[in-house]
Every structure is written in C-alpha cells, then in structure tokens.
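Peer 1: The numbers in this note's numbering rise by one with no breaks, and the one at position 144 of the sequence shown is 141.
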Amino acid sequence: MSRAYYWVATILAVYCWLIPLAWLVAPSVPLTSWGLEIEPVAAWFGLRASVGTAGFGIALFLVRREPPSRGRLAVSVAFIATWLTWAAYGVYSVITGAAGVGLLATVGVEIVAAAVLAWAEFGTRRRAERNAPIADGLAHTGDR
C-alpha cells in the first residue's frame, strides 16, 4: 500500500462526500459564486448531480488501501477524466458567458484534485514497478 495514494484518496473521498452535503444545506452558495440565478430547478439539479460525486468518494475510499492494480487504476482514471472534463466545461461556460468567473475557483479545485490523484496513482505505480521482485527475468507489479 502506498501512503501517498492512501492519503490522497482518503482526502478526496471525504471531499466528494462533503459536496452533496453542501448542495443540500446551501445550494445558493455555489450558484451565486458561479454567477448563476438561484432557481429551485438549478438547486435540485446540483444536488442530484452531486450524488455522483459522492459515488466517486465511495470508490476512492474502497481502493485507497489497494496496491497498484487494474481496479485501482480504473477508479483513478475515471475520477481524473471526469474532473478534467468538468474543468474543461467550466472554462467553456465562463468563456461563453453561461457562468461567471467565480466558476474558475471550482475549475481550479477540479484540476488540482485530478492532478494530485494522477501524481499519487502514477507516481506510486512507478515506484512499485521499480521495487517489484524479479522472477523469471520479469518484474511483476501485482496486477490482479
């Protein structure tokens, strides 16, 4: 188990669980900071969409103790791809005027979260491969 991956996945899991709670308690906070009108439909959709983020938190929490493996890689890549896609769409929304510049703070969090998880996943994978025992002349990384 990699301590770096464990801590990054744990912190991101907790963060992912806090997002739907924030939408449930104060949906006006992200909407106003993003320059969007506070409408019941927007608040409902934000809460509903944030539940998917909680799902990412559950997946990260479940694989946080795993050594580098295909399963852990799948969870990490899905998280990274989704959060970078959200970030790209956020930038697009600001450029087109659909949202205010306040959304760029959220975009920054999404980029940092994806980058830190990528560092933890791929950095620990490389270290595990370097330190893997050699059998039959081939290094085995523990993929399941």
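From the three backbone atoms N, C-alpha and C, an ideal C-beta is built for every residue, glycine too.
What would DSSP say about I35, mapped onto helix, strand or coil?
Peer 2: Reduced to three states, the DSSP call for I35 is coil.
Peer 1: Which residue from T103, E118 and I92 puts its Cα closest to that of W31?
Peer 2: T103
Peer 1: Can you give me the start and stop residues for the alpha helix (DSSP H) that V22 sits inside?
Peer 2: It spans R0 to V22 - the alpha helix (DSSP H) in which V22 sits, taken as one unbroken run.
Peer 1: CA-CA distance, L15 and I108?
Peer 2: Between L15 and I108, the C-alpha separation is close to 18 Å.
Peer 1: Along the chain, where does the alpha helix (DSSP H) containing R67 start, and where does it finish?
Peer 2: R67 to T93
Peer 1: When you compare the CB positions of I77 and A115, do they come within less than 8 Å of one another, or not?
Peer 2: yes
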